[in-house]
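Engineer: Chains A and B, in that order, are what the protein sequence lines are.
All residue numbers for the first sequence refer to my numbering, where the first residue is 1 and numbers rise by one.
All residue numbers for the second sequence refer to my numbering, where the first residue is 1 and numbers rise by one.
The C-beta atom is built at its ideal place from N, Cα and C for all residues, glycine as well.
What you are looking at is a predicted structure, and each value in this text was computed from that prediction instead of being measured.
Take this structure first; my questions come after.
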Amino acid sequence: MIPVSDIPEIEYEDFFGLNTGFLFNSPERHCVNYFGYRVGKQVKLICCIADDSTQKIQISSCMVESTDSLDSFTARNFCFEKFEREIHENFDIGYKDHPWLKPVRYAHNRADQTKTIANYPFYSIESDELHEVGVGPIHAGIIEPGHFRFICNGEQILHLEIQLGYQHRGIEQQFLEKKKLLQRTTIAESIAGDTVVGHTTAFSQVWESLCGFKVSRDIEFARTIALELERMAVHTGDLSGVCTDIAYQLGNSVFGRLRTPIINYMQEWCGSRLSKGLVRPGRNQFPLTPELAHRLAAVLDVYEPDFLEMNEQMFQLPSVLSRFERTGVVSYDDVLSIGTVGMAARMSGLNRDIRSSHPFGLYPEIGHQPIIKHHGDVYSRVQIRKAEVKQSMQYIRNLLQGIPEQDDSEPSFENPKPNSFTLSLVEGWRGEICHCAITGDKGELIMYKVKDPSFHNWLALALSVRNNEISDFPICNKSFNLSYSGHDL
Amino acid sequence: MFDNIKIVYHQGKQFIPDVTKAKVPGIFRGRPVISSEKVNETELMELCPVDAISASPVSIDLGKCTFCGECAKRFPNKIRFTTDYKIATNERDRLIVKEGDDQPVEVNPETVRNDIHRLFGRSLKLRQVSAGGDGSYEMELNAANNVQFDMSRFGIEFVASPRHADGIVITGPITENMAKSVQICYDAVPEPKIIVLVGTDAISGGILENSAAIERSFLVTYPVDLYIPGNPAHPLTIINGLLDLTRKRKSKV
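Shown next, in the form of structure tokens:
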């Protein structure tokens with residue numbers, strides 16, 4: 001946490017040069033958040049660039065008018081693409097040379113209310129030989145809504161445009177409107193239902209930092225174990241989903257049923273299969289007692305042989321491998337340029353893992369080594385899931401060797417520090433989660449910014465399906481498994 | 001081939017033989033029981049993040065409750081969450097559990113719309129629409145159809161097109177951006193059709209009740225046939241709710 005006044009406020013020209021310069025030829029740096037908020041009639045832009053090699057985060061700011069027409073960062077570096085679209089959508093700030101200045105999510109408080117989700121300006125190609133396929137917002141399965149527009153040449157996809165925003169619930173605004181801590185924690189829990197632990201941990205870290213609260217070891221212990229269990233559960237479920245999409249029934253059923261003992265364990269621990277209610281700021285709501293730890297070890301012991309056996313069988317089937325290999329490829333250059341994070345970066349050889357680059361919780365002592373693959377195809381993504389499940393099991397078993405003393409006492413929070421800025425980074429199973437908060441003169445929240453990894457990664461899915469057959473879209477989609485609600489907020 | 005048989009053998013028996021009597025593991029927070037102990041009711045109400053608790057007599061509205069368990073933690077002698085997962089009902093008022101109540105929250109067959117039992121009692125096909133659901137509701141609906149819960153053994157299935165459906169299942173608080181799609185989907189389902197709400201967000205808006213980005217007029221226009229509460233609703237709550245709605249008989253007059 002730092003005072004807002006400590007963030008250097010510079011002219012836009014310098015702001016532009018500084019931040020695009022940071023990323024020039026520097027794969028070790030990436031933009032974790034870039035957003036604006038109103039200060040009087042002006043808009044203050046804050047850009048946060050993380051440096052993975054020095055573990056530092058460079059924060060700079062700039063005041064602009066909403067009538068301004070600015071040089072866009074995106075013209076220099078594509079990874080700013082969505083951030084600038086969001087700033088444009090929220091505050092009507094113009095960009096002279098942004099290549100793709102379209103709405104992001106049709107937020108309820110957007111600047112231009114005449115733009116509605118029904119008249120999104122899709123990209124199209126005039127040709128007698130091409131056709132378009134529109135899918136959604138309601139999908140065939142039981143999943144969240146989003147619209148996909150394919151431009152195809154026969155069976156081959158030339159271009160995919162993904163239009164989101166259907167899930168927009170006004171989450172960031174609700175953080176400001178709801179005043180009770182438990183209300184805000186509950187909002188954090190509902191950002192993305194598959195990343196409950198990730199987002200609630202990010203929110204808790206923000207709150208603890210704003211209030212100057214020192215977290216005890218047992219709380220960090222519980223959060224770290226819960227994060228790894230969440231990773232295991234989702235990865236196992238996604239392996240099942242990938243099997244469904246290649247019509248491999250055995251894999252689908254076995255991985256599907258293997259997810260159940262993990263989430264049922266979460267219920268034994270905290271009363272909710274999806275970990276709602278577990279993470280609370282400053283408090284160890286459900287202490288991980290030695291009995292629970294013993295149960296967890298037993299659950300893992302039963303889970304492991306079945307998981308490994310199924311994997312061994314699946315990865316030796318030529319019919320499975322032929323669908324995984326070289327399907328949905330995104331190159332290293334592309335993931336670097338569009339700035340993907342988490343698994344969607346590690347699949348193509350780009351090392352992005354907050355657990356090792358900006359470690360939090362108990363990760364400094366775990367000494368996490370990210371799992372990195374190089375082909376950027378479905379096979380790489382599936383392999384990462386398999387390897388990360390094994391790694392998570394190892395971490396959990398090691399952690400269970402030294403259970404700290406558990407304490408479920410009520411924390412006493414001081415008021416949040418006035419005029420402060422804080423940023424929290426958490427590596428969820430999908431990738432880097434970033435929450436930022438700014439307080440006003442009385443310590444009240446005046447800005448809350450949530451960034452789910454999906455915000456970066458949806459574009460990677462769109463690129464991955466190019467030149468693939470349209471029938472391979474489901475498997476590409478599932479191998480990423482991105483969040484609609486985390487993106488739309 | 002033998003490897004495959006070995007894998008199948010190693011899974012053992014996964015399905016739950018009787019989904020109406022299965023026990024849930026651990027400390028599941030299902031139907032609450034409220035004792036008559038005197039407590040500071042203002043403090044109790046103030047505690048709840050979603051104003052689900054009302055005073056004199058103390059009651060909890062399961063349609064609003066996020067099942068966070070904070071009230072039971074702070075007032076353990078006043079409020080206790082049981083592991084009773086059968087909390088789905090067709091009457092909105094029944095979701096309100098009052099002080100001293102210790103009877104199940106269940107479907108009242110007398111007020112279920114005519115024909116539901118006759119038409120859907122053996123086969124019910126549903127179209128799910130997520131309208132701001134955070135993903136957890138959707139995952140639990142999917143889980144209701146996995147090899148463990150296996151809802152399709154009762155003839156209840158989710159279908160890809162509203163044209164093939166007997167009703168819609170809505171999750172999420174219904175965002176402004178999805179409101180039109182929900183309407184279009186509902187219109188596309190042939191008559192007679194039912195509406196099922198799954199999860200706290202769908203039933204009341206939950207924590208997002210007052211958000212300017214949600215638009216719930218659809219639920220004012222059309223009657224709801226089944227409320228399945230939970231945050232998210234447990235697969236057993238979902239299956240038992242749908243079974244009760246379609247299988248319970250009216251008493252003969």
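(1) Quick one: which chain B residues come within Cβ less than 7 Å of residue 82 of chain A?
(2) Against chain A, with Cβ distances strictly below 8 Å, would residue 31 of chain B count as a contact?
(3) State yes or no: is the C-beta of residue 458 of chain A within less than 8 Å of the C-beta of residue 234 of chain A?
(4) Just the C-alpha distance for residue 204 of chain A and residue 196 of chain A, rounded to the nearest angstrom, thanks.
(5) Shortest alpha-carbon distance to residue 392 of chain A belongs to which of A:114, A:373 and A:427?
(6) Kindly indicate which three-state DSSP category residue 34 of chain A falls into: helix, strand or coil?
(7) List the endpoints of the continuous alpha helix (DSSP H) containing residue 117 of chain B.
(8) Would you list the one or two residues that DSSP bridges to residue 227 of chain B?
(9) Using alpha carbons as the reference points, say which of A:90, A:408, A:117 and A:385 lies closest to residue 478 of chain A.
(10) What distance in whole Å lies between the Cβ atoms of residue 470 of chain A and residue 47 of chain A, which are believed to be in contact at a cut-off of 8 Å?
(11) Please state if the CB of residue 22 of chain A and the CB of residue 58 of chain A are separated by a distance shorter than 8 Å.
(12) Around the Cβ of residue 245 of chain A, are there at least 16 other Cβ atoms within 10 angstroms (buried) or fewer (exposed)?
(13) Please determine, among A:310, A:319, A:371 and A:476, the residue with the shortest C-alpha to C-alpha distance to residue 252 of chain A.
(14) Listing by chain order, which chain A residues have their CB less than 8 Å from the CB of residue 141 of chain B?
(15) Mind pulling the chain A residues with CB within less than 7 Å of residue 128 of chain B?
(16) Mapping DSSP to helix, strand and coil, what is residue 301 of chain A?
(17) In chain order, what residues of the same chain lie with their CB nearer than 6 Å to the CB of residue 134 of chain A, ignoring the 5 residues before and after it?
(18) Going by DSSP in three states, residue 160 of chain B sits in which element: helix, strand or coil?
(19) Rounded to whole angstroms, what is the Cα-Cα separation between residue 338 of chain A and residue 51 of chain A?
(20) Where does the unbroken alpha helix (DSSP H) through residue 479 of chain A begin, and where does it stop?
(21) Near residue 202 of chain A, what residues of its chain come up, given a Cβ to Cβ distance below 6 Å and the 5 sequence neighbours on each side ignored?
(22) Who are the Cβ neighbours of residue 133 of chain B in its own chain at under 6 Å, not counting the five residues just before and after it?
(23) Determine contact between the region 1-21 of chain A and the region 318-331 of chain A, defined as no fewer than three beta-carbon pairs at a distance below 8 Å.
(24) What's the gap between the Cα of residue 91 of chain B and the Cα of residue 18 of chain B?
(25) Tell me the DSSP secondary structure of residue 91 of chain A in three-state form.
(26) For residue 198 of chain A, which residues of its own chain have a beta-carbon under 6 Å away from its beta-carbon, when the five flanking residues on both sides are left out?
(27) Following the continuous beta strand (DSSP E) through residue 153 of chain A, name the residue where it begins and the one where it ends.
(28) With a 10 Å radius around its C-beta and 16 neighbouring C-beta atoms as the bar for buried, classify residue 401 of chain A as buried or exposed.
(29) Any contact between the region 237-252 of chain B and the region 108-115 of chain B? By contact I mean 3 or more CB pairs, one from each, below 8 Å.
(30) Along the region 178-200 of chain B, where does the CB come closer than 8 Å to a CB of chain A? Name the residues.
(31) Count the other C-beta atoms from every protein chain shown that fall within 10 angstroms of the C-beta of residue 494 of chain A, then say buried if there are 16 or more, exposed otherwise.
(32) Rounded to whole angstroms, what's the CA-CA distance from residue 240 of chain B to residue 35 of chain B? Just pull it up for me.
(33) Hey, could you find the ends of the beta strand (DSSP E) residue 390 of chain A is sitting in?
(34) Let's see if you can read the secondary structure: which residues bound the beta strand (DSSP E) around residue 167 of chain B?
(35) In chain B, what lies closer than 7 Å to residue 503 of chain A by C-beta?
(36) For the beta strand (DSSP E) that residue 422 of chain A lies in, which residues bound it at each end?
Structural biologist: In short:
(1) Residues of chain B whose Cβ lies closer than 7 Å to the Cβ of residue 82 of chain A do not exist; the shortest such Cβ separation is about 18 Å.
(2) False, the Cβ-Cβ gap to chain A never drops below 8 Å.
(3) No, the pair does not count as a contact, with Cβ atoms beyond the cut-off.
(4) Within the model, the alpha-carbon separation for residue 204 of chain A versus residue 196 of chain A is close to 12 Å.
(5) If we check each option's Cα against that of residue 392 of chain A, A:427 comes out closest.
(6) In the three-state reduction of the DSSP assignment, residue 34 of chain A falls in the strand class, which pools E and B.
(7) 116-120 is the extent of the alpha helix (DSSP H) around residue 117 of chain B.
(8) Partner(s): B:89 and B:197.
(9) The shortest C-alpha separation from residue 478 of chain A is found at A:385.
(10) The beta-carbon separation of residue 47 of chain A and residue 470 of chain A, rounded to 38 Å, does not stay under the 8 Å limit for a contact.
(11) Yes, Cβ-Cβ distance for residue 58 of chain A and residue 22 of chain A is below 8 Å.
(12) Here residue 245 of chain A is buried. Its C-beta has 16 or more other C-beta atoms within 10 Å.
(13) Taking only the C-alpha atoms, the option nearest residue 252 of chain A is A:310.
(14) Residues of chain A passing the Cβ test: 142.
(15) Those are 142, listed as they occur along chain A.
(16) Residue 301 of chain A falls in the helix class under three-state DSSP.
(17) For residue 134 of chain A, where only same-chain residues beyond five positions count, the Cβ hits under 6 Å are 149.
(18) Correct three-state label for residue 160 of chain B: coil.
(19) In this structure, the straight-line span from the alpha carbon of residue 338 of chain A to that of residue 51 of chain A is close to 17 Å.
(20) It spans 473-480 - the alpha helix (DSSP H) in which residue 479 of chain A sits, taken as one unbroken run.
(21) Closer than 6 Å at the Cβ level, and outside the excluded window around residue 202 of chain A, lie 424, 426, 433 and 435.
(22) Same-chain partners within the cutoff: 171 and 172.
(23) Counting C-beta pairs closer than 8 Å gives fewer than three between the region 1-21 of chain A and the region 318-331 of chain A, which falls short of the contact rule.
(24) Taken atom to atom, the span from the alpha-carbon of residue 91 of chain B to that of residue 18 of chain B is near 26 Å.
(25) Helix, per DSSP.
(26) Answer for residue 198 of chain A: 426, 428 and 433, listed in chain order.
(27) Unbroken beta strand (DSSP E) run through residue 153 of chain A: 147-153.
(28) Residue 401 of chain A is exposed by the Cβ-count criterion.
(29) Yes, they touch.
(30) From the region 178-200 of chain B, only 178, 180, 181 and 185 have a Cβ closer than 8 Å to chain A.
(31) Examination of residue 494 of chain A is not possible in this model, given that chain A is present from 1 through 489 alone.
(32) Taking the straight line from one Cα to the other gives about 26 Å.
(33) Unbroken run through residue 390 of chain A is the alpha helix (DSSP H), 378-400; no beta strand (DSSP E).
(34) First-last of the beta strand (DSSP E) with residue 167 of chain B: 167-171.
(35) The question about residue 503 of chain A has no answer, for chain A in this structure spans 1 to 489.
(36) From DSSP, the beta strand (DSSP E) with residue 422 of chain A extends over 420-427.
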